[in-house]
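A quick write-up on the structure given underneath.
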(Lines of atoms letter the chains of each structure in order from A and count residues from 1; the text may use other names and numbers.)
(Lines give C-alpha, C1' and ligand atoms only; values in the text may rest on other atoms or scores of the structure.)
Protein backbone atom coordinates (compact mmCIF):
# COMPACT_ATOMS: atom_id res chain seq x y z
CA UNK A 1 0.00 0.00 0.00
CA UNK A 2 1.23 3.49 -0.79
CA UNK A 3 1.11 4.68 2.80
CA UNK A 4 3.38 1.86 3.95
CA UNK A 5 5.84 1.68 1.07
CA UNK A 6 6.37 5.28 0.10
CA UNK A 7 5.06 7.76 2.65
CA UNK A 8 7.08 9.16 5.54
CA UNK A 9 5.93 11.54 8.24
CA UNK A 10 5.53 15.11 7.04
CA UNK A 11 3.67 17.88 8.84
CA UNK A 12 1.29 19.95 6.72
CA UNK A 13 -0.49 23.14 7.64
CA UNK A 14 -4.13 22.37 8.43
CA UNK A 15 -5.64 22.39 4.91
CA UNK A 16 -9.25 23.05 5.92
CA UNK A 17 -10.21 25.30 8.77
CA UNK A 18 -13.65 26.36 10.03
CA UNK A 19 -14.08 29.92 11.24
CA UNK A 20 -17.42 30.04 13.09
CA UNK A 21 -18.19 32.15 16.11
CA UNK A 22 -19.88 30.55 19.12
CA UNK A 23 -23.40 31.37 17.95
CA UNK A 24 -22.73 29.95 14.50
CA UNK A 25 -21.31 26.76 16.01
CA UNK A 26 -24.37 26.32 18.20
CA UNK A 27 -26.69 26.88 15.25
CA UNK A 28 -24.74 24.47 13.06
CA UNK A 29 -24.73 21.79 15.77
CA UNK A 30 -28.46 22.14 16.33
CA UNK A 31 -29.21 22.06 12.60
CA UNK A 32 -27.19 18.89 12.08
CA UNK A 33 -28.73 17.20 15.12
CA UNK A 34 -32.19 18.01 13.76
CA UNK A 35 -31.20 16.79 10.29
CA UNK A 36 -30.05 13.47 11.71
CA UNK A 37 -33.35 12.98 13.55
CA UNK A 38 -34.88 12.80 10.07
CA UNK A 39 -32.77 9.74 9.17
CA UNK A 40 -34.85 6.57 9.32
CA UNK A 41 -34.09 2.91 8.84
CA UNK A 42 -36.45 1.85 6.05
CA UNK A 43 -37.43 -1.62 4.85
CA UNK A 44 -39.82 -0.62 2.06
CA UNK A 45 -38.25 0.64 -1.18
CA UNK A 46 -39.61 2.07 -4.40
CA UNK A 47 -38.38 1.04 -7.83
CA UNK A 48 -36.93 4.52 -8.45
CA UNK A 49 -33.32 4.03 -9.59
CA UNK A 50 -30.32 5.69 -7.96
CA UNK A 51 -27.41 6.78 -10.13
CA UNK A 52 -24.14 4.97 -9.46
CA UNK A 53 -22.38 8.33 -9.19
CA UNK A 54 -24.43 9.16 -6.09
CA UNK A 55 -23.44 5.89 -4.44
CA UNK A 56 -19.80 6.48 -5.38
CA UNK A 57 -19.75 9.91 -3.77
CA UNK A 58 -21.31 8.57 -0.57
CA UNK A 59 -18.67 5.86 -0.41
CA UNK A 60 -16.02 8.49 -1.11
CA UNK A 61 -17.28 10.35 1.95
CA UNK A 62 -17.12 7.16 4.02
CA UNK A 63 -13.52 6.73 2.94
CA UNK A 64 -12.55 10.01 4.65
CA UNK A 65 -13.21 8.49 8.09
CA UNK A 66 -10.34 8.32 10.60
CA UNK A 67 -8.71 4.92 11.06
CA UNK A 68 -6.04 3.19 13.06
CA UNK A 69 -2.61 4.23 11.71
CA UNK A 70 -4.50 5.61 8.68
CA UNK A 71 -4.60 2.11 7.19
CA UNK A 72 -8.22 2.61 6.08
CA UNK A 73 -9.09 -1.07 6.65
CA UNK A 74 -12.34 -1.21 4.72
CA UNK A 75 -13.78 -2.06 1.35
CA UNK A 76 -17.26 -1.26 0.03
CA UNK A 77 -18.87 -3.47 -2.60
CA UNK A 78 -21.76 -1.72 -4.37
CA UNK A 79 -24.27 -4.03 -6.03
CA UNK A 80 -27.15 -3.14 -8.34
CA UNK A 81 -27.26 -6.33 -10.44
CA UNK A 82 -30.68 -7.96 -9.82
CA UNK A 83 -29.36 -11.52 -10.07
CA UNK A 84 -26.61 -10.88 -7.55
CA UNK A 85 -29.02 -9.19 -5.16
CA UNK A 86 -31.33 -12.21 -5.48
CA UNK A 87 -28.48 -14.59 -4.63
CA UNK A 88 -27.54 -12.51 -1.62
CA UNK A 89 -31.15 -12.43 -0.44
CA UNK A 90 -31.51 -16.19 -0.83
CA UNK A 91 -28.34 -16.87 1.15
CA UNK A 92 -29.18 -14.28 3.81
CA UNK A 93 -32.70 -15.58 4.31
CA UNK A 94 -31.33 -19.10 4.71
CA UNK A 95 -29.18 -17.87 7.60
CA UNK A 96 -32.07 -15.86 9.02
CA UNK A 97 -34.37 -18.90 9.11
CA UNK A 98 -32.05 -20.58 11.59
CA UNK A 99 -31.72 -17.35 13.54
CA UNK A 100 -35.47 -16.82 13.98
CA UNK A 101 -36.10 -20.53 14.52
CA UNK A 102 -34.30 -20.25 17.85
CA UNK A 103 -30.65 -19.88 17.00
CA UNK A 104 -30.67 -16.33 18.32
CA UNK A 105 -31.96 -17.28 21.76
CA UNK A 106 -35.18 -16.17 23.45
CA UNK A 107 -33.82 -12.92 24.87
CA UNK A 108 -32.58 -11.63 21.52
CA UNK A 109 -35.76 -12.61 19.71
CA UNK A 110 -37.84 -10.91 22.41
CA UNK A 111 -35.80 -7.74 21.98
CA UNK A 112 -36.52 -7.78 18.24
CA UNK A 113 -40.29 -8.12 18.56
CA UNK A 114 -40.99 -4.33 18.74
CA UNK A 115 -38.92 -3.85 15.58
CA UNK A 116 -41.12 -6.27 13.65
CA UNK A 117 -38.41 -8.15 11.80
CA UNK A 118 -38.47 -11.77 10.64
CA UNK A 119 -36.58 -14.09 8.32
CA UNK A 120 -38.06 -12.51 5.18
CA UNK A 121 -35.77 -9.82 3.70
CA UNK A 122 -37.47 -8.39 0.59
CA UNK A 123 -35.49 -5.17 0.93
CA UNK A 124 -32.42 -7.04 -0.32
CA UNK A 125 -33.98 -7.27 -3.77
CA UNK A 126 -36.29 -4.23 -3.67
CA UNK A 127 -33.59 -1.67 -2.91
CA UNK A 128 -31.79 -0.50 -6.07
CA UNK A 129 -28.41 -0.83 -4.35
CA UNK A 130 -26.80 -3.03 -1.74
CA UNK A 131 -23.50 -1.93 -0.24
CA UNK A 132 -21.57 -4.72 1.45
CA UNK A 133 -19.05 -3.37 3.96
CA UNK A 134 -15.92 -5.44 4.49
CA UNK A 135 -13.35 -4.96 7.23
CA UNK A 136 -9.78 -5.74 6.20
CA UNK A 137 -8.15 -7.71 8.99
CA UNK A 138 -4.75 -7.45 7.34
CA UNK A 139 -3.31 -5.96 4.18
CA UNK A 140 -0.49 -6.61 1.75
CA UNK A 141 2.22 -4.35 0.38
CA UNK A 142 2.98 -4.13 -3.33
CA UNK A 143 5.54 -6.90 -2.99
CA UNK A 144 3.11 -9.23 -1.22
CA UNK A 145 4.28 -8.64 2.36
CA UNK A 146 1.45 -9.01 4.87
CA UNK A 147 0.98 -6.24 7.43
CA UNK A 148 -1.35 -5.83 10.36
CA UNK A 149 -4.23 -3.38 10.44
CA UNK A 150 -5.14 -1.70 13.72
CA UNK A 151 -8.47 -0.96 15.38
CA UNK A 152 -10.22 -2.60 12.46
CA UNK A 153 -13.77 -2.92 13.93
CA UNK A 154 -13.63 0.59 15.36
CA UNK A 155 -12.29 2.12 12.14
CA UNK A 156 -14.76 0.33 9.90
CA UNK A 157 -17.60 1.19 12.28
CA UNK A 158 -16.75 4.89 12.04
CA UNK A 159 -16.59 4.68 8.23
CA UNK A 160 -19.96 2.91 8.21
CA UNK A 161 -21.44 5.77 10.23
CA UNK A 162 -20.02 8.26 7.75
CA UNK A 163 -21.64 6.26 4.95
CA UNK A 164 -25.09 6.26 6.55
CA UNK A 165 -24.89 10.01 7.16
CA UNK A 166 -23.75 10.61 3.57
CA UNK A 167 -26.61 8.53 2.17
CA UNK A 168 -29.08 10.49 4.28
CA UNK A 169 -27.50 13.76 3.14
CA UNK A 170 -28.01 12.62 -0.47
CA UNK A 171 -31.74 12.17 0.14
CA UNK A 172 -31.65 8.38 0.33
CA UNK A 173 -32.85 5.91 2.95
CA UNK A 174 -31.00 2.84 4.11
CA UNK A 175 -31.18 -0.30 6.20
CA UNK A 176 -28.28 -2.08 7.87
CA UNK A 177 -28.56 -5.84 7.69
CA UNK A 178 -26.24 -8.31 9.42
CA UNK A 179 -26.98 -11.96 8.63
CA UNK A 180 -24.90 -14.26 10.77
CA UNK A 181 -22.66 -15.86 9.64
CA UNK A 182 -21.78 -13.78 6.59
CA UNK A 183 -18.90 -15.77 5.12
CA UNK A 184 -20.95 -16.40 1.98
CA UNK A 185 -20.47 -12.75 1.04
CA UNK A 186 -16.72 -13.09 0.48
CA UNK A 187 -17.22 -15.58 -2.33
CA UNK A 188 -20.20 -13.76 -3.81
CA UNK A 189 -18.38 -10.43 -3.82
CA UNK A 190 -14.98 -11.76 -4.83
CA UNK A 191 -13.27 -10.52 -1.67
CA UNK A 192 -10.16 -12.13 -0.16
CA UNK A 193 -9.94 -14.13 3.07
CA UNK A 194 -8.24 -11.15 4.72
CA UNK A 195 -11.59 -9.37 4.75
CA UNK A 196 -14.65 -9.97 6.90
CA UNK A 197 -18.13 -8.84 5.88
CA UNK A 198 -19.63 -6.65 8.60
CA UNK A 199 -22.96 -5.66 7.16
CA UNK A 200 -25.13 -5.21 4.11
CA UNK A 201 -26.61 -1.74 3.63
CA UNK A 202 -29.74 -1.56 1.48
CA UNK A 203 -30.01 1.85 -0.21
CA UNK A 204 -32.69 3.61 -2.20
CA UNK A 205 -35.84 5.70 -2.05
CA UNK A 206 -38.73 4.80 0.26
CA UNK A 207 -41.87 3.38 -1.24
CA UNK A 208 -45.05 5.46 -1.03
CA UNK A 209 -46.37 3.15 1.69
CA UNK A 210 -43.11 2.83 3.63
CA UNK A 211 -43.41 2.52 7.40
CA UNK A 212 -41.09 2.47 10.38
CA UNK A 213 -41.69 0.72 13.71
CA UNK A 214 -42.93 3.12 16.37
CA UNK A 215 -40.17 1.99 18.71
CA UNK A 216 -37.61 3.41 16.28
CA UNK A 217 -38.70 6.92 17.26
CA UNK A 218 -37.93 6.26 20.93
CA UNK A 219 -34.46 7.66 21.47
CA UNK A 220 -32.69 7.94 24.81
CA UNK A 221 -32.68 11.52 26.14
CA UNK A 222 -29.40 13.42 26.20
CA UNK A 223 -28.93 13.01 29.94
CA UNK A 224 -28.87 9.22 29.48
CA UNK A 225 -26.21 9.21 26.76
CA UNK A 226 -23.98 12.10 27.87
CA UNK A 227 -21.98 12.82 31.02
CA UNK A 228 -19.92 15.96 31.60
CA UNK A 229 -16.87 15.91 33.88
CA UNK A 230 -17.97 12.80 35.79
CA UNK A 231 -16.29 12.04 39.10
CA UNK A 232 -14.33 8.80 39.25
CA UNK A 233 -15.95 6.03 41.26
CA UNK A 234 -15.28 6.56 44.95
CA UNK A 235 -14.67 10.30 44.60
CA UNK A 236 -18.22 11.37 45.51
CA UNK A 237 -17.27 12.46 49.03
CA UNK A 238 -13.87 14.01 48.33
CA UNK A 239 -15.03 17.60 47.85
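In this note's numbering, the protein residues as written are 3 to 241.
Beta carbons are placed, not taken as given, at the ideal position from N, Cα and C, and that holds for glycine.
Inset, instruction - Could you tell me whether the region 68-82 touches the region 120-131, using the rule of 3 or more Cβ pairs below 8 Å? - result: Touching, per the Cβ criterion.
Legend entry - Local Cβ density within 10 Å of residue 151, reported as buried at 16 or more and exposed below that: With 16 or more Cβ atoms within 10 Å of its Cβ, residue 151 is classed as buried.
Legend entry - Counterpart residues of residue 175 in DSSP-defined beta bridges: Beta bridge pairing from DSSP links residue 175 with 206.
Legend entry - Sheet register partners of residue 152 (DSSP bridge): Paired residue(s): 70.
Legend entry - residue 123 beta carbon less than 8 Å from that of residue 94: Cβ distance < 8 Å, so residue 94 and residue 123 count as in contact.
Inset, instruction - Give me the Cα-Cα distance between residue 15 and residue 213, rounded to the nearest whole angstrom. - result: Distance between the alpha carbons of residue 15 and residue 213 is about 48 Å.
Legend entry - Backbone CA spacing between residue 13 and residue 69 [nearest angstrom]: If you take the alpha carbons of residue 13 and residue 69, they lie about 18 Å apart.
Legend entry - Rounded C-alpha distance that separates residue 196 from residue 145: Residue 196 and residue 145: Cα-Cα distance of roughly 16 Å.
Legend entry - Cβ pair residue 176, residue 169 closer than 8 Å: Closer than 8 Å, so yes.
Inset, instruction - Return the CA-CA distance between residue 236 and residue 136, expressed in angstroms with no decimal places. - result: If I take the Cα positions, the gap works out to 42 Å.
Inset, instruction - Using only alpha-carbon positions, find the residue among 71, 216 and 109 that is nearest to residue 116. - result: Measuring from the Cα of residue 116, the nearest candidate turns out to be 216.
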